[in-house]
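As structure tokens, the structure follows; a few thoughts come after it.
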Amino acid sequence: MLTVEPLRAQHAAALLAFERENRTYFARSVPDRGDAYFTGFADRHRALLAEQEAGLCHFHVVLAESGDLVGRVNLVDVTDGTAELGYRIGERAAGRGVATAAVEAVCRLAADDYRLASLTAVTTLDNPASQAVLARTGFAVTGEIQVDRRPGLRYERRLVS
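Take the sequence shown: its letters are residues 1 to 161, numbered as in full-length UniProt numbering.
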């Protein structure tokens, strides 16, 4: 059983530990955040909370039954009833359905709580795991795109509340 909840100030230490622990793992499939992300984490965390408070984004943490932070799922660039979905699940939780369950949970929140009509997402062609999660959760490919100078796919999911 996992829980998806909105990002809060008290998640800062666990989120930083999660990002540090999984830095090398994430860099295998997405660009590294760089050292500045970690040294300026406290300021960045406060900025994310301010964006969330303003309704520009909806950030979420994914917690295992043990309470450990195992991932995050975010909705960014909220505008005109749509947002872009992004997610990262830690290495220890990968391959266990956590990403699928967490993305599905955030899609329900997007429709029911945030009143969004659709979500978009992008992934690179060399990330079949992410492509599979998006397909399993109802996203459809809408075109090809460059993601950080790598070939990728753009997805969309229409939401109903």
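In this text, a Cβ means the ideal position worked out from N, Cα and C, and glycines have one as well. Remember, it's a predicted structure, so these values are computed and weren't measured experimentally.
Here's the rule: buried if 16 or more other CB atoms are within 10 angstroms of the residue's CB, otherwise exposed. What is residue i?
| i | result |
| --- | --- |
| phenylalanine 38 | exposed |
| glycine 55 | exposed |
| threonine 124 | buried |
| glycine 143 | exposed |
Which one of the options has the shortest CA to CA distance from residue i?
| i | options | result |
| --- | --- | --- |
| alanine 129 | Val4, His11 and Phe26 | Phe26 |
| valine 160 | Ala111, Val141 and Ala140 | Ala111 |
| aspartate 77 | Gln146, Leu109 and Leu119 | Leu119 |
Going by DSSP, which residues form a beta bridge with residue i?
| i | result |
| --- | --- |
| residue 163 | Any property of residue 163 remains undetermined from this structure, which presents the chain solely from 1 to 161. |
| threonine 82 | Thr79 and Ser118 |
| threonine 3 | Leu63 |
Between which two residues does the alpha helix (DSSP H) holding residue i run?
| i | result |
| --- | --- |
| aspartate 112 | 98-112 |
| alanine 12 | 12-21 |
| leucine 48 | 41-53 |
Considering just the uninterrupted stretch of the beta strand (DSSP E) at residue i, what are its terminal residues?
| i | result |
| --- | --- |
| leucine 119 | 118-124 |
| leucine 63 | 58-63 |
Below 8 Å, can you find three or more Cβ-Cβ pairs linking the stretch 57-77 to the stretch 95-110? yes
Could you tell me whether the stretch 149-161 touches the stretch 111-127, using the rule of 3 or more Cβ pairs below 8 Å? yes
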